[in-house]
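The UniProt record's numbering applies: residue 1 is where the sequence shown begins, and numbers increase by one. Don't be surprised by glycine CBs; every beta carbon is placed ideally from N, CA and C. If you're wondering where the values come from, they're calculated on a predicted model, not measured in any experiment.
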Amino acid sequence: MKLQRTWDLRFVHAAQIEQQKQYKAESGQNVTLTCGAPSDKPIRAVKWSRADLGDEYVLLYRDEQFDPDNQHPSFQNRVDLQDRQMKDGDVSLILKDVTTADGGSYKCGVLVGESASWEIVGTVNMSVAPPGE
Numbered sequence: 001m002k003l004q005r006t007w008d009l010r011f012v013h014a015a016q017i018e019q020q021k022q023y024k025a026e027s028g029q030n031v032t033l034t035c036g037a038p039s040d041k042p043i044r045a046v047k048w049s050r051a052d053l054g055d056e057y058v059l060l061y062r063d064e065q066f067d068p069d070n071q072h073p074s075f076q077n078r079v080d081l082q083d084r085q086m087k088d089g090d091v092s093l094i095l096k097d098v099t100t101a102d103g104g105s106y107k108c109g110v111l112v113g114e115s116a117s118w119e120i121v122g123t124v125n126m127s128v129a130p131p132g133e
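In structure tokens:
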């Protein structure tokens with residue numbers, strides 16, 4: 001009698017689960033839209049976008065500086081990163097003096113390690129009420 005051994009190898013891939021958050025703001029407030037990226041690889045770039053802006057973006061930060069070339073005009077001089085060093089994967093966006101036009105769905109994406117493609121790590125839905133409501 002010949003004994004046979006069978007090995008069952010299973011590989012489990014742990015995918016980054018995209019964060020989804022809801023925010024309510026009032027016109028004129030400064031709002032921090034939180035987003036975290038995996039911190040096991042260096043973050044090369046951060047991009048905050050909204051689908052309704054087409055090819056324009058809310059914020060693009062790469063090479064330790066902001067890239068205003070294709071930034072939507074309504075966000076110029078009103079956005080910043082909470083931590084430009086992106087310690088512990090913190091890529092949260094500060095949006096100053098929000099208006100009702102700022103309401104919508106925001107996506108937070110990062111370029112990490114040697115990857116050439118953007119990884120969406122967070123979605124934020126924000127509604128903005130007129131002042132006093």
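For residue i, the first and last residue of its enclosing beta strand (DSSP E)
i: Asn-125; result: 119-129
i: Thr-32; result: 31-33
i: Ser-49; result: 43-50
i: Leu-81; result: 79-81
i: Leu-111; result: 104-112
i: Tyr-61; result: 59-62
i: Leu-53; result: Careful: Leu-53 lies outside any beta strand (DSSP E) and carries neither H nor E.
Residue j beta carbon less than 8 Å from that of residue i
i: Gln-82; j: Ile-94; result: yes
i: Ser-105; j: Cys-35; result: no
i: Gln-29; j: Val-98; result: yes
i: Tyr-23; j: Val-121; result: no
i: Asp-102; j: Met-126; result: yes
Per-residue burial, residue i [other beta carbons within 10 Å of its own, 16 or more giving buried]
i: Gln-71; result: buried
i: Arg-62; result: exposed
i: Ala-51; result: exposed
i: Ser-49; result: buried
i: His-13; result: Annotation note: pLDDT 32 at His-13 (below 50); position unreliable, coordinate value reported separately. Looking at its Cβ environment, which holds fewer than 16 other Cβ atoms inside 10 Å, His-13 is exposed.
i: Ala-37; result: buried
i: Glu-116; result: In the sequence under discussion, the amino acid at residue 116 is Ala, which differs from the Glu named in the question. That one is exposed.
i: Val-79; result: buried
i: Leu-9; result: In this predicted model, Leu-9 has a pLDDT of only 35, less than 50, meaning its place in the structure is not dependable enough to derive any value.
i: Lys-107; result: buried
i: Gly-54; result: exposed
i: Arg-5; result: Any reading at Arg-5 needs caution, since the residue's pLDDT is 44, under 50, leaving its predicted position unreliable; the model's value is listed next. Arg-5 should be labelled exposed.
Contact belief for residue i with residue j at Cβ below 8 Å, rounded distance in angstroms
i: Trp-118; j: Lys-21; result: Actually they are not in contact, since the Cβ atoms of Trp-118 and Lys-21 sit about 19 Å apart, beyond 8 Å.
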